[in-house]
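Residue numbers (the numbering used here), protein chains in the order written: chain D, 0 to 810; chain G, 499 to 722. Virtual Cβ for every residue (Gly too), placed ideally from N, Cα, C. These numbers were taken from a predicted model, which means no experiment stands behind them.
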């Protein structure tokens, strides 16, 4: 389909649709769309909000004219996002006015996956969840049959400000233990690798770093604030030397001083060799190591005796030994203003957890932790608290996937969880799934298996804004309003310049959509009492309590009244969280400017057309983990940054120091130190390719695939293939090719280019939807998870996304 | 007033936030060929290593603009502030201006059946008291700086006095007003992103060209 709708026509179209859909727009807004009334009725306001087009949460002002959001502008008050709004952020208007939005609750009437639903009222939808229909079972039957094992209903969610509200229901009130979120298909290994090693993921201080190694991370295209803004004003001779490792010449690589085209899955060998050089040549910050690193000697011996030489790494990574030596030396020369950038995204290979540990330890060897220009932890502005009365269910069993990997936490292993269900390996049946703000049909590797899992379920309930592929596999669909139509929980952002931000409601929810808070309220009102009847029947603890204290007391006092968590509005809760700690003025600032931090009125100022100052330089929180402080040092202007970096710290690790060795890992039968295993490297057979995936500046995962404005910039995704190899195979630009792995195959157009190394192919994530509800997204381009194999790494069970071997052929 | 823009093109990461902000702000027609602003991309390679150069761009609002001269109906015209604008009511879609423009900065807006182009957001932002264009305001790496060449103390002139710069297709003689800041700290990038014949200017060398062209043309500036 051609995307040729003018924006103005498009907006008018949305108004018309909203009238048909029984919209909640005020009548004067509707009148305003006729020309004669524009002058008389014209209204204008600017509302501070927070973007939700990706996970960054950048501050924006929404321009509202005549009740219609006409533009999203950057809000300069937020130190994290400064004064910018990226392409996705600006295109947020089209998430709000997407004609394909879910407009009212839906109940499945066709076969599962067929996409046949009937429009329902909210009450009918809640009723169907409780009692089922002739097509599917409801919660009551399922819990009755499972004797009140609440964990029989699994639940998942993507990252978001209201994720917590949803979890309060599913975990705290409903009582299920089976939660899987984005962590195990996202940054679990990185987050944990850094946390267990240096006490936190931290923030790379790219505003002050002199030397940055960015491996796999692509900050020019996978935009992250403030990193993207800070770094690219300082590259190429302007303060920060940038080394990029990537099999692709990305826009980040284009900004780099060196592009090292590494073989996928071999990053650990590169870091180990860097470490070898630094230890062998004794280039590290000796004072920092002495005061702040635990079991350094053991690690040193391990690296040197394992012979992780640059020559060894050259054979594995494809990066010249001399280059590895050069990078190691330069890194330490610039230290402590040197960063091995943490990265985000997902696990790439089975080495991933120890790769992140090796990165963190390597950064620490230069002393660049908790210091200006290094990885900093910063401070946080406190918020008040809000409690929930959580009931105890004696029959709710513990989560199923704890044995799928060594350490499975509260957010689970998505692939492990799903595969257990598909392969009938669960200790008890998982019969239902609640899905919020996630689209596992496109976001979890091996789509065929996710489909099979959802098909097996008795009840799938999905809360979303768009008719995603997962919505199509659901029994009941609850339409959430978009981020511009709701107030979300207030949030505190730590860092060198900490602040609190609030996503204010810009306009009232359109159609019959609701914020998740109200959805939970409505659902609990429907299900609370009937489900308590089941608990009463099977839960002996509850039976004893009732005998002792009476049913009413137990129901209300022990939290079995599921509605009590959702009695207050989000607005009331936010006001309490802020005012109880910072007073009325702070809350007012959040309503007016969207941002608050102590002394904001004094500190915040515009210093040029493009720049703002949030905190004076001497008030920024660069160094916070003080064992001894700068004050304890003799006042001497000759003290070097290296010495300041080496002051005694107290990190949030077990020993309070940087942990080179993790003893408890050994007890679990895993490496206690970063160690290379040849068996973890998947070789690429001759004539085949390794598939890598990645992100794009104009698309966020698969949530933007129907955004008409973003599709205007890139209509579909393309397969990157090395130009020489493409020529050998007779593939030219735009040719349709078939890409096949052991788990699936797709067709996609080819983009032969010099910008990718031979033996590797790539296409960007977030395309290839199969949902017929998406006018622009339906079968547009290809989905990466159709072909990515469902391999997990051994530590957290995170998805290994860069080890799939594929065949390519011209169609 | 003589509106112009400096571009620190070395900052550009080709995220295209500017393109979307422009479309949203000004209601520009959708479609890849319907752009008031764009990021020009050139890809080369030296010894098998790729080189990527990005040139964020838009209408230059040339002081001596050829698009104005060819217009048979005075739809294309100069306005106060040295803006080059199109009067949609007068445009007959002869497309002469599109041919005359050396920068390919104009396109047909099918919504109103007239030629459309960048206005420096004069109607939507600058006349409403805002100091920045939509493209500048939204940019993550702050490539652009909009300002007034007649304001010697203003940020734009101060920047042009402190940095060397070049303009695109100077030999066309149109005296364009998008000033690309010379990447003074990176010779390799400068060599690869700037053509051999391009003149590198300072404020002293370029100011006289502006003054000369302005003297010739400013009589044609209509009030806004």
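Check                                                                                                                             : Outcome
8 Å Cβ cutoff, residue 236 (chain D) in contact with chain G                                                                      : yes
8 Å Cβ cutoff met for residue 62 (chain D) and residue 72 (chain D)                                                               : yes
Continuous beta strand (DSSP E) assignments of at least 3 residues falling wholly in the region 516-598 of chain G                : 535-544, 547-556, 574-577 and 581-584
Cβ of residue 518 (chain G) within 8 Å of any chain D Cβ                                                                          : yes
Chain-ordered neighbours of residue 760 (chain D) on chain G, where CB pairs are closer than 7 Å                                  : In chain order: nothing, as chain G lies at least about 17 Å away.
Contacts that residue 86 (chain D) makes with chain G (C-beta to C-beta distance below 9 Å)                                       : 513, 514, 515, 516, 517, 518, 519 and 636
Close-in-space but distant-in-sequence residues of the same chain around residue 709 (chain D) (CB under 8 Å, 5 per side omitted) : 86, 87, 90, 93, 697, 698 and 703
Among D:537, D:181 and D:240, nearest to residue 148 (chain D) - alpha-carbon criterion                                           : D:537
Interface residues of the region 210-235 of chain D facing chain G [CB-CB below 7 Å]                                              : 219, 222, 227, 228, 231, 232 and 235
Residue 680 (chain D) vs residue 264 (chain D) beta-carbon contact at 8 Å                                                         : yes
Min CB distance residue 2 (chain D) to chain G below 8 Å                                                                          : Low confidence applies here, because residue 2 (chain D) scores a pLDDT of 32, under 50, leaving its location unreliable and the question unanswered by this model.
Cutoff 8 Å: residue 708 (chain D) Cβ touching any chain G Cβ                                                                      : yes
Member of D:571, D:541, D:574 and D:643 whose CA lies at the smallest distance from the CA of residue 812 (chain D)               : Here chain D has residues from 0 to 810 only, and residue 812 (chain D) is not among them.
Coarse secondary structure for residue 688 (chain D), derived from DSSP in three states                                           : strand
Euclidean distance between Cα positions of residue 551 (chain G) and residue 212 (chain D)                                        : 22 Å
Residue 662 (chain D) burial status per 10 Å Cβ neighbour count (16 or more: buried)                                              : exposed
Rounded Cβ spacing between residue 641 (chain D) and residue 650 (chain D) (contact assumed at less than 8 Å)                     : At roughly 19 Å, the Cβ-Cβ gap does not stay under 8 Å, so residue 641 (chain D) and residue 650 (chain D) are not in contact.
Residue from D:753, D:756 and D:737 with nearest C-alpha to residue 747 (chain D)                                                 : D:737
Distance cut-off 7 Å: residue 126 (chain D) Cβ against heavy atoms of the ligand ZN                                               : Looking at this structure, you won't find the ligand ZN or any other ligand, since it has none at all.
Contacting residues, own chain, Cβ-Cβ under 6 Å from residue 512 (chain G) (five flanking each side not counted)                  : 537 and 552
Where residue 89 (chain D) meets chain G, residues with beta-carbon distance less than 7 Å                                        : 515, 518, 519, 522 and 636
The region 376-396 of chain D contacting the region 225-237 of chain D, beta-carbon criterion three pairs below 8 Å               : no
Residue closest to residue 582 (chain G), alpha-carbon to alpha-carbon, out of G:685, G:675, G:531 and G:709                      : G:675
Pick from D:489, D:528, D:475 and D:439 that is closest to residue 384 (chain D), judged by C-alpha positions                     : D:489
Bounding residues of the beta strand (DSSP E) (the contiguous stretch that carries residue 607 (chain G))                         : 605-607
Residue-level contact to chain D via CB, residue 687 (chain G), 8 Å cutoff                                                        : yes
Reduced DSSP secondary structure (H/G/I, E/B, other) of residue 806 (chain D)                                                     : strand
Simplified DSSP state of residue 507 (chain G), which is helix, strand or coil                                                    : helix
Contact under 8 Å by Cβ, residue 294 (chain D) with residue 794 (chain D)                                                         : no
First through last residue of the alpha helix (DSSP H) which encompasses residue 704 (chain G)                                    : 701-715
Residue 612 (chain D) versus residue 175 (chain D) - alpha carbon distance                                                        : 46 Å
Backbone CA spacing between residue 221 (chain D) and residue 750 (chain D) [nearest angstrom]                                    : 20 Å
For residue 155 (chain D), three-class secondary structure by DSSP                                                                : strand
Beta-carbon separation (whole angstroms), residue 535 (chain G) vs residue 516 (chain G), contact threshold 8 Å                   : 6 Å
Residues that residue 744 (chain D) bridges to, as DSSP identifies them                                                           : D:739
Inter-residue CB distance, residue 615 (chain D) and residue 602 (chain D) (contact presumed, cutoff 8 Å)                         : 6 Å
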